[in-house]
Structure formats: C-alpha cells, structure tokens
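Plus 332 on top of the position in the sequence shown (first one is 1) and you've got our numbering.
Idealized CB from N, CA, C, for every residue including glycine.
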Amino acid sequence: MRVVFCGTPQFAVPSLKYLLAQNEFEIVSVYTQPDRPRGRGQEISFSAVKEVAVAAGLDIQQPAKVRAPEVEEHLRKLAPDAIVIIAYGQIIPARLLPIPRLGWINLHASLLPKDRGAAPIQWAIASGETVTGNTTMRIDAGMDTGEMLLQEELRIGAEETAPELAGRLAEMGAPLMARTLRGLVRGELAGRAQDHAGATLAPMLKREDGRIEWRRTATEIFNRMRGFAPWPGAYTEFRGQTWHLRGKPVVGVFTVTGEPGTILVEKDLVSVVCGEGSLLDITHVKQEGRKEISAGEFLRGARVKEGERFGK
C-alpha cells in the first residue's frame, strides 16, 4: 500500500514510526512544515516528523504552501493509495482531495464531532471532560467535518496535563491509523457521517485564553491550568506584573470570605478565593521572564500580605 505521510509535530511521530515498521505500508514521501528558527537562539531546526523521516531515508517535501501547483504535480506522480495527515499545519485545498484513491486519512485527537479544531486536547481538559479519544476520518473541504472511520476512547486523568494526554493519545493513535488503512484497502471499513448538530469547537489557543478569571470556580481554573500547559499557561496580574500560577483546588468543607482573587496566607501556604466560595491552593509561581519558584518562596520574596488580590 503506497502511502504519503503529512505531519509536523511530535504528536504525528508515533504513527509514522508505526507505519514504517509494518511491511504492508510503503511510505513513498513525507510532507512536513518548512524548517524554522526555534528557541532562544533562533537556530534553524527540523520538525519532529522530519527528524524521523531523515533517519529513515525517506523522500521529504517541505512546501511553504501546499496549494502550490508543483505539490499537486508531485502527488499525482506518486499515485498514493492513501495520504495520512496528522497535525500537518496547513489546510489542504479541495482539488488535492481526490488524488489518493482511498482518501486523505486524518487522526484527530477527539471523539468527533466533539472538539473540532486545532486544539482538541487542550480544550477537552480545560472544559473538564473526563473522557476523550481519537477518531480516524476522511478529510473533506470543511474543518474536521469529514466522514468518520474508527474511534477509540481514552479516560483523562484527574490531574493530567495537555502534554501528558497528547503523548498517550499519539501512542494510542498509531495502531488505530494502521487498522484504518488496512480496513480501507480490504474494503472492510465504511465511513459514517458525523452528527453536525452535536459538534463542539476547539479553536487554536490565544494568549488571552490563559488569563485567570477568578470568578470561575477553583476546579474550573485548575482544569484550564492543566489544559493550557505549557502555553499559554494560566496567568494573572499582581502588583503590576504578570505571574503564571500552578495549583490545585482545596477539597472539603470550609467557609471563605473575600472577593474572588483575594489571597489567603497561612505559614508557607498561599490560597486564592475563587468563584462560588471555592478555594485554590497555589503550589508554584513564575513571574514572567523569570524562573518558577514555590509558593513559599513567593510569599517570602514578595512579602505577600493576607488580603492582597490577584488580577486587575
């Protein structure tokens, strides 16, 4: 089975490695995003997918724009049976969709039609979901609206962060993609339409999504802390500076007084009043541009006083 693989970040790597290890799949080309400067030194580096492709000696294509005419020409010459696309990072123009006879097969990290969009893992956690999963689907001209092929569920850990969940979904998705391709080539797998009325959106994250709204409950804030790690994180203002916070909801029966955002201090412990009388224990604090410190170090260094407030 001739396969073109399109992907860029680490999330796509387990699927590429898995397909390479199966004798029935021939990876005839790998498409990935162009090399870009990364990190503080802005050194040019390969995508995670390109690193694997280079090591495997595969043909690598890195068009700045996948809609360029030469891309269509190259894909038609390859005559792939299927094109696997996982977090590639570009929208595929409609004229390219008919090229592979079995379609463009996508691994999407949600149980479609829930969480359509660029950040399904982050929004599933931030929204307090306890179950998510992977869906393989044929892409169409819409945003994650194509017919579904296979799905597999996965429970979200109570304290699991987005990077942790992404790692588990990526590993689980690799054999699911292989099963999908085998089912298609054997004619044993038929697609099914999504229930568009039940669709929810998981748009690309913005920096503003990380701003803590203290009127949310402590659990809601904690979920967003987990979902928005490492970027944009969960941040607030304190004494005119931006601070990133990590913490956990306080469990139990207690009475809280003070407006949301009010800081409570007890020895080396820092808690913050949240919505509906809930309380969030702060474990770590990071002033923007500096290293992360413990809540106790923050208390001593900033000489935080009971009753001060986070937020504008």
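In chain order, what residues of the same chain lie with their CB nearer than 7 angstroms to the CB of residue i, ignoring the 5 residues before and after it?
{"i": "residue 447", "result": "455, 456, 532 and 534"}
{"i": "residue 504", "result": "466, 484 and 486"}
{"i": "residue 403", "result": "395"}
{"i": "residue 458", "result": "555, 556, 559 and 560"}
{"i": "residue 501", "result": "441, 453, 466 and 486"}
{"i": "residue 435", "result": "414 and 470"}
With the cut-off set at 9 angstroms, would you say residue i and residue j are in Cβ contact?
{"i": "residue 595", "j": "residue 530", "result": "no"}
{"i": "residue 380", "j": "residue 344", "result": "yes"}
{"i": "residue 346", "j": "residue 506", "result": "yes"}
{"i": "residue 544", "j": "residue 578", "result": "no"}
{"i": "residue 427", "j": "residue 414", "result": "no"}
{"i": "residue 335", "j": "residue 360", "result": "yes"}
{"i": "residue 479", "j": "residue 489", "result": "no"}
Under 8 angstroms by Cβ, that's how I've got residue i and residue j pegged, so tell me the actual separation to the nearest angstrom.
{"i": "residue 494", "j": "residue 558", "result": "7 angstroms"}
{"i": "residue 661", "j": "residue 549", "result": "What is shown of the chain runs 333 to 644, which leaves residue 661 out entirely."}
{"i": "residue 564", "j": "residue 527", "result": "Incorrect: roughly 31 angstroms between the Cβ atoms, too far for contact."}
{"i": "residue 510", "j": "residue 351", "result": "6 angstroms"}
{"i": "residue 348", "j": "residue 384", "result": "5 angstroms"}
{"i": "residue 642", "j": "residue 636", "result": "Going by Cβ atoms, the distance from residue 642 to residue 636 rounds to 10 angstroms, so no, they are not a contact pair."}
{"i": "residue 460", "j": "residue 552", "result": "7 angstroms"}
At a cut-off of 8 angstroms, is residue i close to the ligand SAH when judged by its beta-carbon and the heavy atoms of the ligand?
{"i": "residue 547", "result": "This structure simply doesn't include the ligand SAH, nor any ligand for that matter."}
Spatial neighbours of residue i within its chain, please: C-beta separation below 6 angstroms, excluding the five flanking residues on both sides.
{"i": "residue 438", "result": "417, 469 and 471"}
{"i": "residue 605", "result": "588, 590, 592 and 594"}
{"i": "residue 407", "result": "431"}
{"i": "residue 498", "result": "343 and 453"}
{"i": "residue 462", "result": "488"}
Considering Cα atoms alone, identify which of the options is closest to residue i.
{"i": "residue 612", "options": "635, 425, 574 and 566", "result": "566"}
{"i": "residue 508", "options": "555, 538, 466 and 488", "result": "466"}
{"i": "residue 444", "options": "513, 502, 580 and 475", "result": "475"}
{"i": "residue 464", "options": "440, 625 and 480", "result": "440"}
{"i": "residue 585", "options": "356, 610, 392 and 562", "result": "610"}
{"i": "residue 450", "options": "552, 355 and 538", "result": "538"}
{"i": "residue 430", "options": "393, 473 and 419", "result": "473"}
{"i": "residue 422", "options": "575, 480 and 339", "result": "339"}
{"i": "residue 481", "options": "370, 602, 633 and 516", "result": "516"}
{"i": "residue 420", "options": "412, 435 and 337", "result": "337"}
{"i": "residue 624", "options": "562, 598 and 387", "result": "562"}
{"i": "residue 353", "options": "372, 388, 599 and 370", "result": "388"}
{"i": "residue 491", "options": "581, 436, 372 and 512", "result": "581"}
{"i": "residue 575", "options": "547, 536 and 617", "result": "617"}
{"i": "residue 382", "options": "372, 373, 375 and 393", "result": "393"}
{"i": "residue 598", "options": "514, 632 and 405", "result": "632"}
{"i": "residue 355", "options": "333, 602 and 583", "result": "333"}
Ignore the nearest five residues each way along the sequence and tell me which others in residue i's own chain have a CB closer than 8 angstroms to its CB.
{"i": "residue 573", "result": "619 and 620"}
Quick one: any contact between the segment 364-373 and the segment 508-524, if contact means 3 or more CB pairs under 8 angstroms?
No, the segment 364-373 is not in contact with the segment 508-524.
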